Structures are given as C-alpha cells and as structure tokens.
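Chains as they are written, first to last, in the working numbering: chain A, 6 to 517; chain B, 721 to 1123.
Beta carbons: idealized from backbone N, C-alpha and C, even for Gly.
Predicted model only: the values in this text are computed from it and were never measured.
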Amino acid sequence: MANIAGIDLGTTFSELAILNTIGKPEIVPNADGERMTPSVIFFDEDNPELIRVGVEAMNSRYLNAQRAVRWIKRNIGDTKYHKTIDGRDWTPVELSSLILKKLKQDCSAQCGEIQDAVISVPAHFDEVRRKATMDAGALAGLNVIGIVNEPVAAALYYATTRDVSGKVLVYDLGGGTFDVTIMNVKGRQMDIICSQGDHELGGIDFDREILKMLEKSYKEKFKSELINSEEERAKYEDEAEDIKKTLSRRPVAKKMLYGPAGSMKVEITREMFEKSAAPLMARIDMLLEAALDEAKLKTSEINKVLLAGGSTRIALVQNRLEKMFGFPFEATVNVDECVALGAALHAGLTMLREKPQAVSAGISSGLKDINLTDVCNHSYGTICAPIDKETGKRIVENRIILKKNTPLPCEATGTFYTVSKGQAALEITITQGEDSDPKYVNKIATHKFKLPPDRPAKCPIKVTYRYDINQRMHCKFEDVQSGTALEVDFCLDQNGQVSQQKANRMKLLKVE
Amino acid sequence: MSEVEISIVFIAMAAAIVLFPSLVKNFKLPLMPPKRPQNNIILFQKPNPNTLNCRVQLKKDEQDDCEFEFFDVEICGAIHAPDDMCHTTIQISVLDITDGSQKSQPVYDNSKKPQMQNSDVFCRNADLGKLPNKDTTLPDWMSVAKLQCDWMLPPHRGKRNLQFTISILSGQDGQELCNAKYTLTYVNPKFGYIDLQENIQRTKTLAVAIAFAVSAADNKLYNCEIELIKNWARNNIDVSQASNKAKDQIEKALKKIAQFFQSGYKVDTDEICREIVEIAPVTERYEILELCLQVAQAKGVATKEEISMLKNLANRLEVDDNRFRTMMEKILPVTIHQVKDMEVILGVRADMGKEETCQHLNKEYRKWHARVTNSDPQVQAQADQMLQFIAEARSTYMESAKQ
C-alpha cells in the first residue's frame, strides 16, 4: 500500500511526515538528511531545467538573489503575482509545487511511493488560497485528499501523544503566519471551537524589525545605506534571523556590519528588540483576544496552551504567553514538526473515512478512536437589497447565512423576498466573509436564477447552505411558490483542476 | 455676527441668488415661515336649518399609545334629494386659501389610502346611505368624517386657512345635491410640499457652499476639487427647465463662489449646518457629507485641516460617528491621510478608559482583519495598513497607560 503523508508547506520551512506501520506519524528527512526543508527555490543559472529547492537554494541567494524565491506562501492565491525567470512567468501555485515536488521526491526515494497526502494551511486561508494549495499539490504529482488547518494538525498530534484535555488553545506562530485555534479535547475526541489567523505575522516580520534596526544604526553612523543589492539584502536577512535566535537565548546579540561606507559593530539588546516588535506583539494580542471572544472564553478558562511553529521560541512571545495565561505552555514536542506530524494523522483519518480499503490494519488500529470535529472557517452569505431603516432607501448588503465556526457538517437557511412586481430573475451571489458591506467580502460565485413571470413583489426565496466534513459546499436557492430551485456545488478541487499539459510540463522539470 | 461676517454671508447669498432667482424672496438665514394674511374666520356660527351646514373642529385622540390630531367634520341642516329613499354619498375635499380664495392651492393626500381618481389631491368619499325623504333635515350636528391631520399635505408650514368643502352627491348619477364650506385655521407643524421642494434646492445650494469650505480648509483650492464640486452642482441642481441664459448664469455663479473662497474668505459652516439639519432629511445630509469627503479625496491627500473640518461637519450635520467613519473608510482610506489621527480613523476618543479603548481597538481589529484576504488588492492594502495602524495605536496606548 502506498504511503499516507502529511505535509506542512510552510512559509520558511516545509516538512513531510508519513504514518508508519502502526499508525504513528514520523518525519521523513530530505535527501540532505534534514528533517526541515527550507521553502526556498533557486533557478540554476547554467541549467534552466535545474531547479534547486532547500538549503542549496538558500545559499545560492547570495550569488544571484534575482533567481531565488522565498516566502511564496505569502503570495499563494494571488493571481497577479508572478516571478519571471528567463522570460517565463512562474505563478505562486507552480512555485509552491516545486517545493512539494522536492519533498515528495526525496521522501519517496527513502520510503517508497508517496501518493495520497494532506497538506496543512493556515486556519485563516480562504477558499481561493486553499484551492491554490491543492492545485500546487496536484501539480507536484500528489493526490491531495484534504486540507487541514495548521493549528488543528498540531493539536491532533499533541492530543494523541500527550495528556491533553479540557479547553485547549493552540498557538501557531510560524515563519510567515500566525494562527490560533481553540478546541475542546477529551481523550481522543477533539472539537474545534474557533480559529483565527493573521496572514502577515510570523518570524520573518520579527526579522524585518531587526533588519530595520541594523539599517538605521548604519545610516546614523555613516549617512549611507547598508544594503545596496538584493544579494546583500539576502545576507542581512539571514543575519537578522540569526540575531533574533540569539536573543531567544541571550540578552544581547552582537554583529559586525560591512557596508559600502565602512564597517561597524552593532549591539541589539532584547529590550531594543521588544520595543521595535511591540506593534507585532500588539497584533498577536488582539488576535488572541479576538479568538477568545469568538469562543466566548476568558484566558482563565483555558486549560492548556500548545505551541507550534519555530517562532514560538522567541523569548518575548513565550513571556507574553505566560503572562497572559498565568501558566506555562506545553512545548514538549518539536514545535517545528508537530504540524506535519498532525497532518499525517489527519491524512490517515481521511483515508479511513473515504478509502478504508487502502489503509493498512496497523494504521487503522493506531488511529482508532480519534475523532475530530472541525468548524466552518469562514462565514458564507449572499447579497440582498433590504431597506435602510434610517434613510428609507434600498441598499445592497451582504447577509450571512452560514456563520463562521459552526461545527461541521452544518446547514443554515435564510428567507429572502423578491423586490419588485413582475421580477423575472434574481442575480444570486454566494459570498465568503464577515462583513455586511459587499465591498469587503469575496464573491465566490454569481449565477442568474430565472423566476416565474407576472408575480407580485415579496415572493419568498429560501436560501440553504450546507457544508460537509469534506469541505464541500452545497448552496440551494428555492422559489418557494413554484418550487423551482438553483443549486450550486463547490468542492475544493472544483475549478482547481490543473490542465494535463501543465502537469506534464512540471513533471519534466528537475528539482534537486 | 460682525460686519465682515455679514458681508461674507451676503456675498455667498448673492452667488446663490444668481443660481436660484426663484428663491430670492425666501432667502433668509435662519429659515422663517413667511407671514400670511389672515382671513376672517367665523367659528360656530348658528346653522341655517334650510340649507346644508358644516363645521370642522380640530381634536385629539389616542391609538396604540400614540396621540394624534384629526379634523372632525360635522354636518347639519337640510338636504334636498330628487326622490324619497335616495342613495347618497358624501365627498370631502380641502383647499388651502391662506393667500385668498382667488389664489387657492391644493392640499395633497399624504396617506396611503386609495384615491377617488388618479390624483394626489386630498379627497375623501363615504357612503351616507338612503335619505328617508326627498327633503331631509338633520336637526343636530352629525359627525360624518374623522380626517387625521397628517393625511393632508398643505403647501406650506405654519398657519394655514384650510377650506373644507362637503358635497352630498346622488348615489345614482353622482350629481351634487348640495354642498357646504367651512374654513379652519390650522397650524401645520411640518414642511408643506412647496417647502419641501424649496428645501431640496436650498439644501443643494448649501451643500455647494460647504463643499467649497472643505476645499478651502487648508487655504488652497485645487482645480480637481473645484471641478468635482462644479460637476456635482451641475448634476444635482435641477436646471432642466432653465434657459441657456440661466445655465450660463449658474456657471458664472459657481465661478464666483470658487473665486470667493480662493480669495481667502470663509463662511460660517456651523450656521449652514444648522439650517441643513432643519430642512434636510438624513439621506441628504449623508449625501452632503459624501460630497465633502470626495472633495477631500480629490487631490490624493487629505490634509489635517480638511479632516478636522469633516469631523466638525459630521458632528454638526448630526451624522452618527460610526456612519461617518464607515463613509470615511470608503472614500478617504487611511493611506491618504496626511496625519493619522487615532480618533478620526479608529474612533478612539480621549474620554475612553483603558478597557474601553482596548475593546474598541479589538473591535476595529476584527473588522479590518476580516477584510485582509479580500480579492480586491486596494481593499487588501487598506486593511493591511489599518491593521498596522491599529497595532501601533494599541502598543502606543498600552505603553502610555503603563506610564
């Protein structure tokens, strides 16, 4: 039987884990023997068909930063972003697929074919980004059987390996994203209560604050810029990261800066770092508070805090957490690996549900009794035209039908009414988002629904949204009087099918 | 008001007078109901038993804990029908004769009841039943209709002489058998239909003045701002019936107003807002504020002075704080604010305590956080900026609270 894998496709590092014969997840090292693969891509200058992913790509940045790509996860789902290399435009999906291909390739060489996989994504990722991640997996030759939220994956791993119970908060601060998930854990039963996430808050943002301090110090002394090329920037980004890691162990970090105007020694203290990172910490605090509000819980009602993501090693982060919750957090697992390990468990559970015949007895036995109930990650609604009570005028508004954090599977209904006499059709828009202003929500589908002719205004239209545990959404718009209905189904791989031609082209590329 | 201020107001009025010659006689600050001549009203004259008499009294009643005024219409006297047992109907119509019978004006129907004809003029019909004899006499006053005052829309606010005409019609052929009139003085508390029309145009004139005031707030009027205001004026002030000459005059007036503000003169925006609140419904006040926001946005940067004036205008126009901020978020994103004012952008007031401030910032954070994954890159950029600003505001606030 082919291996079942879980992949943490991270902003800065990626990992792959598979379920062993007894259903326990294990990280599979890459071809270099490393358990974590840097999510960095470098397009070889001499051989355009050769693409490096990982440590080599990381180091190659110093030679030609223009041919390197980092942090591509921050652009996944952005249709306007592309990286041009040798006249070819690479999309975020294609670039992400190179990282996944590297992981698949390296791990398949060691453990045998890897086919079915679950890829983890930040909890706040919308449908567009989730689909894009699945597309990247498909392009890399994987059969992506599901997407799991990163904090959920981490919690799954913690709950199956440690004594965890009660109201649990998973604090996942990675390289590029920050997610919080609150759940109820009772033995092997896990019920998600809510999730919140920030797409631009991670270790690299802390690094940037340090880099700003280095640049400022240099400019103050020499009245000249420290960084004059992308290669120098690459170098000092790594220096800044190094300083951040040092400050987690020591109160002060010292570095030599070699700029065009001269060299200088710079000292960054923990206090200086904390001061410059204060807005980032404020953002983290507000997200935490938002999650607690959504869960209708106070900090005192949280029984356990689980950490995930390498950036949770930052002393400032740890101190703030202890202060906020009043007790030490759980960090007995490797915070860099728990997401991939949990994703592998999630992959096993998904296979057991959908293709039990493909799951070995050992794995089935290892996963038995694990039960996870997830929630709707976003609110879903429709555009309507009610009358504004204050002005008496008709306005256009987004009305939520299926609320965020509703446990899956779920269904919700709303009744709306036609506006005018003789109304011949309705323009149906399915939205995703929390706002009542249509400008601020994503319109994920628009359809025209023909209505029976010659009717008065205010005919009822029943709208039902259903979301199942496999993240498939079913929307039904029913004209109550005539019984006619418009039904729209969404699936994560709908519209995400990659063309065969593209997949073939990607197969031919050599990734090392 | 000082002499300088008075002359400034007159200059502004002069420009407006050019715009709206028809409004000259009504051009006063504040808006005063005009004095009208009084007719001789004889109340409760002894009825003539040989003819149909009517009287109307203003009364009060209560329904569902709501008090309302109504006209109680009564008749007495003689009704001459063509036959015994003649079926009859009663018709009540109302005219405004405040300016004299020769210059009577219609009273419109303000209720939602169906009309006798396709007309908005107030008129009510009711079935009187069959008269027992050809010559029927009603010896005592008999109430035949209770008409709520707010069903009627006279032409103007204030003291109005309303003439009620009660006609008894034959049920067979609709012929009038007899009629009686009664005139009542009624103080209309609401704007009349002519007042409403005038108010609409007046509001637009004042809107132009306010918009120019916003443009001039930073002591510099940009061409893009002036053009925006002029275009708004052209699109909103009804010139469809005006001649080409009048349209030219309007253009000249707009140019004059612009020059007035470019010369450094100011207007009393508080006084203008006070009048707008008096005469304009909330929808129009929102439209005025929207125009002012667009003026501030026109050159791509919203200056500190413009923001300050907008804040004051929103307050004076009695626009809810949250509504104002919602409008500002859309039209004046934080990216173009010259100075990032926490109160204006985030709604954090100086009188808010620590917990209230934190809760408020959290609420703003949740709002913008939900927008950060929007597919529109401009919305995304705005949301990102706002989140950064909120985080800075919170960390600054927490730091100062510690001290």
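| Asked | Found |
| --- | --- |
| Below-8 Å beta-carbon distance, B/P826 vs any chain A residue | no |
| Short Cβ contact (8 Å threshold) for B/T885 with B/K866 | no |
| Any chain A beta carbon closer than 8 Å to B/Q783 | no |
| Cα-Cα separation between B/K1024 and B/T1046, rounded to whole angstroms | 19 Å |
| Continuous beta strand (DSSP E) stretch holding A/S365: start and end | Neither: A/S365 is in no beta strand (DSSP E) and is coded neither H nor E. |
| Contact check, A/E50 vs A/R72, beta carbons under 8 Å | yes |
| Neighbour flag for B/Y942 against chain A, beta carbons, 8 Å | no |
| Given A/Y470 as reference, the closest of A/Y445, A/T411, A/S44, A/F18 once Cα atoms are compared | A/T411 |
| For B/K766 and B/L778, the rounded distance between their alpha carbons | 19 Å |
| Proximity winner among A/V190, A/M195, A/Y241, A/Q476, relative to A/G151 (alpha-carbon distances) | A/Q476 |
| Chain-ordered neighbours of B/L1081 on chain A, where CB pairs are closer than 8 Å | M291 |
| Local Cβ density within 10 Å of B/C796, reported as buried at 16 or more and exposed below that | buried |
| Residues in the region 409-442 of chain A having any Cβ partner in chain B nearer than 7 Å | G438, E439, D440 |
| Completely contained alpha helix (DSSP H) runs for the region 278-348 of chain A, where each covers 4 or more residues | 283-299, 320-330 |
| Any C-beta of chain A under 8 Å from that of B/Q1108 | yes |
| Exposure label - B/N770; buried when at least 16 CB within 10 Å | exposed |
| For A/R404, the three-state DSSP class (helix, strand or coil) | strand |
| At least three beta-carbon pairs within less than 8 Å, the region 159-167 of chain A to the region 327-346 of chain A | yes |
| C-alpha gap between A/L350 and A/G11, whole angstroms | 7 Å |
| Pick from A/F330, A/K109, A/F18 that is closest to A/P43, judged by C-alpha positions | A/F18 |
| CA nearest to the CA of A/K240, picked from A/R135, A/M63, A/D298, A/G82 | A/M63 |
| For B/A1016, the three-state DSSP class (helix, strand or coil) | helix |
| Interface flag, A/Y445 vs chain B, CB-CB below 8 Å | yes |
| Beta-carbon contacts of A/G371 that lie in its chain and below 7 Å, excluding the five residues immediately before and after | I27, G28, K29 |
| 8 Å Cβ cutoff, A/P284 in contact with chain B | yes |
| Test: B/E945 CB closer than 8 Å to a CB of chain A | no |
| Integer-rounded CB distance, given that A/P97 should sit under 8 Å from A/I119 | Actually they do not touch by this definition, with Cβ atoms about 23 Å apart. |
| Residues within the region 388-406 of chain A neighbouring chain B, beta-carbon criterion of under 9 Å | D393, E395, T396, G397, K398 |
| For A/K260, three-class secondary structure by DSSP | strand |
| A/L68, buried or exposed, once every other Cβ within 10 Å from all chains shown has been counted against 16 | exposed |
| Chain B within 8 Å of A/A114, Cβ atoms only | no |
| Distance between A/N148 and A/M478 (C-alpha atoms, nearest Å) | 20 Å |
| Inter-residue spacing [alpha-carbon to alpha-carbon] between B/M1118 and B/F1109 | 14 Å |
| Chain-ordered chain A contacts of B/D1104 [CB-CB under 7 Å] | E205 |
| Contained beta strand (DSSP E) runs [length at least 3] in the region 874-918 of chain B, N- to C-terminal order | 878-890, 896-908 |
| Cβ-based contacts, 9 Å cut-off: residues of the region 78-101 of chain A near chain B | G82, D83, T84, K85 |
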